[in-house]
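A.B. asks: Here the sequence shown stands for residues 1 to 481, numbered as in the UniProt record's numbering.
Glycine included, C-beta positions come from ideal geometry on N, C-alpha and C.
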Amino acid sequence: MLCRSPEPSLVSKLSVVDEALHINGSWKKIRLATPGGVTKRFGASLFVYNGYIYVLGGEKHSSFGPFYFDFWRLDLAKLDQWQALSECPIPPSVTRSISNQNIAVWNDVAYYFYGSSTLYCFDLIKMEWAPFKTTFKQDDVVRGSWPYPSQELRESTMTCLGGRLYVFGGHGLDNTQGSDLFLELDIARRQWRRLSGSPRLSGASLDSPGPRVSALSWVVPELSKVFLAFGHVNRIATRVLAPSESERRGGFNYPYDDLWSWDIRREQWTQERIRGNTPGPRSEMAAVYSLKLKKLITFGGYNPAAPHWNGAQITPFSYLADTFVCDIITAVAVDQPPTDDQGKCLEGMECRQVLTRGFPTYRARASLFEDPVSGKIYLFSGYFEQEFIPSLAIKGDVKCFSDIWQLRVDLPGGDFVGIDVEEEARTAKAGPWQRCFSCGSVGSWKKCNGACKGRAFFCDRECLKDGWKEHKIMHGCRKVT
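(1) Using 8 Å as the Cβ pair cut-off and three pairs as the minimum, do the region 443-450 and the region 408-428 touch?
(2) Output the boundary residues of the alpha helix (DSSP H) element that contains residue 494.
(3) Would you call the region 179-198 in contact with the region 290-309, where contact means no fewer than 3 C-beta pairs closer than 8 Å?
(4) Could you have a look at Leu-296 and say whether DSSP puts it in helix, strand or coil?
(5) Enumerated in chain order, which unbroken segments of the alpha helix (DSSP H) with a length of 4 residues or greater are wholly contained in the region 212-292?
(6) With DSSP collapsed to three states, give me the class of Gly-37.
(7) When DSSP labels each residue in this structure, what does Pro-338 get in the three-state scheme?
(8) With a threshold of 16 other CB atoms inside 10 Å of the CB of Asn-449, please say whether the residue is buried or exposed.
(9) With a Cβ-Cβ cutoff of 8 Å, do Arg-194 and Leu-181 count as a contact?
(10) Have a look at Glu-423, Arg-363, Arg-408 and Val-373 and flag the residue whose alpha-carbon is nearest the alpha-carbon of Glu-387.
(11) For Lys-29, which residues of its own chain have a beta-carbon under 6 Å away from its beta-carbon, when the five flanking residues on both sides are left out?
(12) Which whole runs of the alpha helix (DSSP H) in the region 62-95 are 4 residues long or more, in chain order?
(13) In angstroms with no decimal places, state the Cα-to-Cα distance between Pro-432 and Pro-360.
(14) State the CB to CB distance for the pair Val-220 and Tyr-289, rounded to an integer number of angstroms; the pair is presumed to be in contact (CB under 8 Å).
(15) Ser-86 and Trp-129 look like a contact to me (Cβ under 8 Å); what is the Cβ gap, rounded to whole Å?
(16) Between Trp-260 and the rest of its own chain, which residues show a CB-CB distance below 6 Å, the 5 nearest in sequence each way excluded?
(17) Any idea what DSSP makes of Lys-479, helix, strand or coil?
(18) Let me know if Ile-473 comes out buried or exposed under the rule of 16 or more other beta-carbons within 10 Å of its beta-carbon.
(19) Who are Ile-53's beta bridge partners in DSSP?
(20) Report yes if the CB atom of Gly-169 is closer than 8 Å to the CB atom of Ser-179, and no otherwise.
(21) Measure the C-alpha to C-alpha separation of Val-55 and Phe-401 and round it to an integer number of angstroms.
(22) Based on the DSSP output, what are the partners of Asp-186 in its beta bridges?
(23) From Cys-436 to Cys-351, what distance separates their C-alpha atoms?
(24) Please identify the residue among Ala-286, Asp-108, Val-109 and Tyr-114 whose C-alpha is closest to the C-alpha of Ser-99.
(25) Is it buried or exposed for Ala-331, if we count other Cβ within 10 angstroms and need 16 for buried?
(26) Cβ of Met-158 within 8 Å of Cβ of Ile-274?
(27) Taking the runs of the beta strand (DSSP E) that are 3 residues or longer, which of them lie wholly in the region 345-423?
(28) Could you tell me whether the region 66-80 touches the region 13-22, where touching means 3 or more Cβ pairs closer than 8 Å?
(29) Can you find the residues in the same chain that come closer than 6 Å, C-beta to C-beta, to His-471, ignoring five residues on each side of it along the sequence?
(30) Any idea if Asp-322 is buried or exposed, counting beta-carbon neighbours within 10 angstroms, 16 or more meaning buried?
(31) How would you write the range of the beta strand (DSSP E) that Ser-26 sits in, first residue to last?
(32) Give me the residue from Tyr-378, Val-421 and Phe-380 with the minimum Cα distance to Thr-356.
(33) Pick out whichever of Leu-407, Gly-311 and Val-213 has its Cα sitting closest to the Cα of Gln-177.
(34) Our contact map puts Tyr-302 next to Phe-317 with C-beta atoms below 8 Å; I'd like the distance itself, whole angstroms only.
(35) Bridge partners for Asp-180 per DSSP, in chain order?
(36) Which class does Lys-13 belong to by DSSP, given the choice of helix, strand or coil?
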């Protein structure tokens with residue numbers, strides 16, 4: 001892949017031909033009534049509770065920082081301003097940053113897990129932090145009192161269902177490549193146990209997911225299943241920190257494109273089929289399972305093995321900004337015992353690409369989330385390396401975000417009513433670039449300074465002259481003195 005996905009010069013010309021493969025959508029940037037609050041960052045821990053989005057920590061650069069310990073929330077009904085909350089009291093001596101880690105909610109309490117047997121929980125009624133000590137049930141694979149010797153875990157997945165936290169993969173200081181360890185925490189009993197895998201790399205298996213970092217994981221409550229997909233093996237980190245290990249296992253990152261389900265009752269992994277118009281191999285992608293739409297929504301990510309031409313040279317990686325909507329397919333089980341309470345068996349996941357005429361800038365480690373009250377889908381944060389788009393002249397080598405976008409999808413309940421697709425094809429931003437309202441070219445163009453407040457962009461004076469009359473009629477624009 002030497003072009004971008006999506007390609008900004010083509011998105012305005014795309015249309016849905018086969019509804020089994022594509023669906024229309026629209027991205028809308030949200031502007032808060034009072035700007036400020038959460039600064040640009042990526043890798044923050046995020047959760048939604050009672051109509052608020054909560055954001056904990058994050059970082060601006062993995063090596064140099066700054067690293068954040070702050071804690072914020074935003075009212076999704078008002079979208080007015082970020083409200084600062086009390087910082088997580090975890091000492092900096094315990095972890096250098098609250099970034100690329102996980103937090104999940106159960107029974108009005110948010111549980112932040114960073115790789116230690118002591119979690120930090122935030123009581124959402126009392127609005128107070130407190131440590132949450134747990135124990136580990138050792139077995140024949142993990143014989144010690146705790147499976148993470150470094151007391152640190154990053155880029156793992158964590159989901160919550162039925163009073164239990166499920167953690168898969170990730171890396172620590174003692175295992176930079178990623179693991180296939182799958183743990184369960186019984187919150188009421190405060191006890192962990194191993195479900196599958198190992199803290200250290202072991203022999204390959206066809207019966208469970210391979211070792212990885214930055215994967216996707218979500219739960220479907222009505223199926224009593226935990227799903228795991230995508231992610232990558234971080235061989236580059238191993239090459240830097242453990243050269244001898246790198247020689248044995250290879251020196252380049254490997255991205256996955258697989259899908260697995262964990263049956264909670266049977267305690268068994270199954271590799272599932274992904275069909276339709278599917279996302280390519282990638283990692284660090286944003287995703288959310290919409291309880292309203294009963295679908296998985298994904299956005300963007302990072303492919304460490306897809307080369308890209310940036311206008312000056314070929315980079316060995318790509319950042320993405322494509323959007324997909326996926327259905328978990330079930331059918332009535334006839335020749336086999338039922339796998340859930342409704343007597344259905346899982347047939348895999350079917351995907352469609354969402355065609356949007358504009359889109360947020362290419363990024364990885366962003367977060368997708370759903371407002372459970374309205375069912376609206378939002379995107380927050382993320383980053384990309386400056387080398388991917390050198391023409392933007394970014395200060396530093398990483399560009400990160402604190403922006404919020406809403407996704408509207410042409411589905412019942414997808415908030416797509418009233419979207420003018422043809423108008424968006426001429427005015428919507430294509431990632432970091434603008435589209436000329438007159439000729440349709442993509443670049444860093446100047447916005448109209450009239451009463452429309454920058455609704456349209458023009459690449460030069462000639463296009464402004466040619467398109468002004470139509471822009472004036474379409475957007476009610478006029479010259480401002």
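C.D. replies: In terms of the structure at hand:
(1) no
(2) Because the chain here runs from 1 to 481, residue 494 falls outside it and cannot be looked at.
(3) no
(4) To locate residue 296, count along the sequence shown from 1; it is residue 296. DSSP places Leu-296 in strand when its eight states are reduced to three.
(5) 235-241 and 243-249
(6) Indexing the sequence shown from 1 puts residue 37 at position 37. DSSP places Gly-37 in coil when its eight states are reduced to three.
(7) In the sequence shown, the residue the question calls residue 338 occupies position 338. Only weak support is given to the placement of Pro-338: the predicted model assigns it a pLDDT of 49, under 50, and the value that follows is read from those uncertain coordinates. Note: Pro-338 maps to coil in three-state DSSP.
(8) Position 449 of the sequence shown, counted from the first residue, corresponds to residue 449. Counting Cβ neighbours within 10 Å, Asn-449 comes out exposed, since fewer than 16 surround it.
(9) Walking along the sequence shown from the start, residue 194 turns up at place 194. Walking along the sequence shown from the start, residue 181 turns up at place 181. Yes, the pair counts as a contact, with Cβ atoms nearer than the cut-off.
(10) Your numbering for residue 387 matches position 387 in the sequence shown. The shortest Cα separation from Glu-387 among Glu-423, Arg-363, Arg-408 and Val-373 belongs to Arg-363.
(11) Translated into positions along the sequence shown, residue 29 becomes position 29. Trp-405, listed in sequence order.
(12) none
(13) Along the sequence shown, one-based indexing puts residue 432 at 432. Along the sequence shown, one-based indexing puts residue 360 at 360. Their Cα atoms are separated by approximately 8 Å.
(14) Within the sequence shown, the letter at position 220 stands for residue 220. Within the sequence shown, the letter at position 289 stands for residue 289. 7 Å between Cβ atoms; contact.
(15) Here residue 86 corresponds to residue number 86 of the sequence shown, with the count starting at 1. Here residue 129 corresponds to residue number 129 of the sequence shown, with the count starting at 1. That pair is a contact at about 6 Å.
(16) Looking up residue 260 in the sequence shown gives position 260. Counting only Cβ-Cβ distances below 6 Å, and skipping sequence neighbours, we find Pro-209, Leu-228, Trp-269 and Gln-271.
(17) By 1-based counting over the sequence shown, the position of residue 479 is 479. Three-state result, Lys-479: coil.
(18) Translated into the one-based positions of the sequence shown, residue 473 becomes position 473. Exposed, since its Cβ has fewer than 16 Cβ neighbours within 10 Å.
(19) The count along the sequence shown starts at 1 and reaches residue 53 at position 53. DSSP output for Ile-53 lists Val-48 and Leu-74 as bridge partner(s).
(20) One-based indexing of the sequence shown puts residue 169 at position 169. One-based indexing of the sequence shown puts residue 179 at position 179. Yes, the pair counts as a contact, with Cβ atoms nearer than the cut-off.
(21) Counted from its first residue, the sequence shown places residue 55 at position 55. Counted from its first residue, the sequence shown places residue 401 at position 401. Their Cα atoms are separated by approximately 13 Å.
(22) Translated into positions along the sequence shown, residue 186 becomes position 186. According to DSSP, Asp-186 bridges with Arg-164 and Gln-191.
(23) As a working mapping, residue 436 is identified with position 436 in the sequence shown. As a working mapping, residue 351 is identified with position 351 in the sequence shown. Each residue's alpha carbon lies about 32 Å from the other.
(24) Reading the sequence shown from its first residue, position 99 is the one you call residue 99. That would be Tyr-114, whose Cα lies nearest to the Cα of Ser-99.
(25) Within the sequence shown, residue 331 is the residue found at index 331, counting from 1. Label assigned to Ala-331: exposed.
(26) By one-based count along the sequence shown, residue 158 stands at place 158. By one-based count along the sequence shown, residue 274 stands at place 274. Cβ atoms of Met-158 and Ile-274: not closer than 8 Å.
(27) 367-370, 377-380, 383-385, 398-400 and 404-409
(28) no
(29) To locate residue 471, count along the sequence shown from 1; it is residue 471. Here the set comprises Phe-437, Ala-456 and Cys-477.
(30) Counting from one through the sequence shown, the residue named residue 322 turns up at place 322. When all chains shown are included, Asp-322 counts as buried.
(31) Here the question's residue 26 lines up with position 26 in the sequence shown. Unbroken beta strand (DSSP E) run through Ser-26: 22-30.
(32) Here residue 356 refers to the residue found at position 356 when the sequence shown is read from its first residue. The residue with the shortest Cα to Cα distance from Thr-356 is Val-421.
(33) For the purposes of this step, residue 177 is identified with residue 177 of the sequence shown, where counting begins at 1. Of the candidates Leu-407, Gly-311 and Val-213, the one whose C-alpha sits nearest the C-alpha of Gln-177 is Val-213.
(34) Position 302 of the sequence shown holds residue 302. Position 317 of the sequence shown holds residue 317. That pair is a contact at about 7 Å.
(35) By one-based count along the sequence shown, residue 180 stands at place 180. Answer is none; Asp-180 lacks a bridge partner.
(36) Start at 1 with the first residue of the sequence shown, and residue 13 comes out as number 13. In the structure shown, Lys-13 sits in a helix (DSSP, three-state: H, G or I).
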